[in-house]
Amino acid sequence: MIPEFIIRALLASIMVSVLLGLLSPLINAKGLAFLTHALFHALLLGAVLGMILALIFNSYALVTLVALAVTTAIVLTIAQLEKLGFTPDSAVGIVASFVAGLTVLGFGILYKVMASRPYFPLSENIVSYLTGDIFLITLQDLTVLVLGGALIFFVLLVLYRDFLYLSFDPEGMESHGGNVRAYLMILYVIVGAMGALIVQTVGLITLQVIAVLPGAIALMVSSDLRKVLAVSLLLTLAVQLSSVVLAYFTAIPPSGIATIILGAIYGAILFRR
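FYI, in our numbering the residues of the sequence shown are 1081 to 1353.
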């Protein structure tokens, strides 16, 4: 009989694969790889603030909710700076510097709060955020992932064609009456929300690699958008599921295995060229 935690891990992997498979080509086409780097800082700050509130109010669920809220606010701030005329790299750099400083301050507050509170099961949560050990995901975590992922999937399904126009021909989109800034902000929010939802499964350390490489590989394999999307989805699904299976037998965090597999595939394609 398959253990329950394996079933939860496989179900979470499927949802993560769908979200990453759809978003990764957009991240590469729109040049948002640096934004995923900013997500690392945003999610870490959100997790620290969430842990502080979790200790104060004795509610483990606050960690994910606060991380989602903080990440969404930060990506909206980046989008607003771009709207004011800053380049994407400059906007991310400005915000990331402040977020990094706030994160350090947050850790100082967290240590003080932990010293004044009784034991609270934060250790497993910290491991999940850093390494993405999907075997630690609870039924509550899975429920949040599925419901939140379904919402993001629905929005992507409705707006995916517009996001493609935004990525490849923003001037043409604007000339036809499309609000480029509004679509860009929606895309930023989706990327931020996606990061907050899947961080416990893929980990902060490997988030950027796993979010960028599937789409990059797909764009190297084909220039046809339908094939790019199909390759990204199938590759992400295959890597995520295989990493869970391998991790079960090797006791290595699945995110590390997935990153190595994706890196090997990407390197092999580059050498073949």
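We put the beta carbon where it would ideally sit given N, CA and C, even for glycine.
Do residue j and residue i count as a contact pair if the criterion is CB distance below 8 Å?
i	j	result
residue 1271	residue 1112	yes
residue 1163	residue 1261	yes
residue 1283	residue 1151	no
residue 1133	residue 1142	yes
residue 1135	residue 1197	yes
residue 1232	residue 1273	yes
residue 1226	residue 1095	yes
residue 1312	residue 1093	no
residue 1128	residue 1154	no
residue 1281	residue 1339	no
residue 1171	residue 1182	no
residue 1106	residue 1267	yes
residue 1109	residue 1215	no
residue 1086	residue 1328	yes
residue 1279	residue 1191	no
residue 1316	residue 1097	yes
residue 1245	residue 1253	yes
Looking at the unbroken alpha helix (DSSP H) that takes in residue i, where does it start and where does it end?
i	result
residue 1117	1113-1137
residue 1278	1260-1282
residue 1230	1219-1248
residue 1285	Segment: none, residue 1285 is in no alpha helix (DSSP H) and carries neither H nor E.
residue 1088	1084-1110
Taking only three categories from DSSP, how would you classify residue i?
i	result
residue 1212	coil
residue 1164	coil
residue 1340	helix
residue 1141	coil
residue 1255	helix
residue 1306	helix
residue 1332	coil
residue 1197	coil
residue 1081	coil
Compare the C-beta of residue i with all C-beta atoms of chain C and state if any pair is closer than 8 Å.
i	result
residue 1090	In the structure shown, chain C does not exist; there is a single protein chain.
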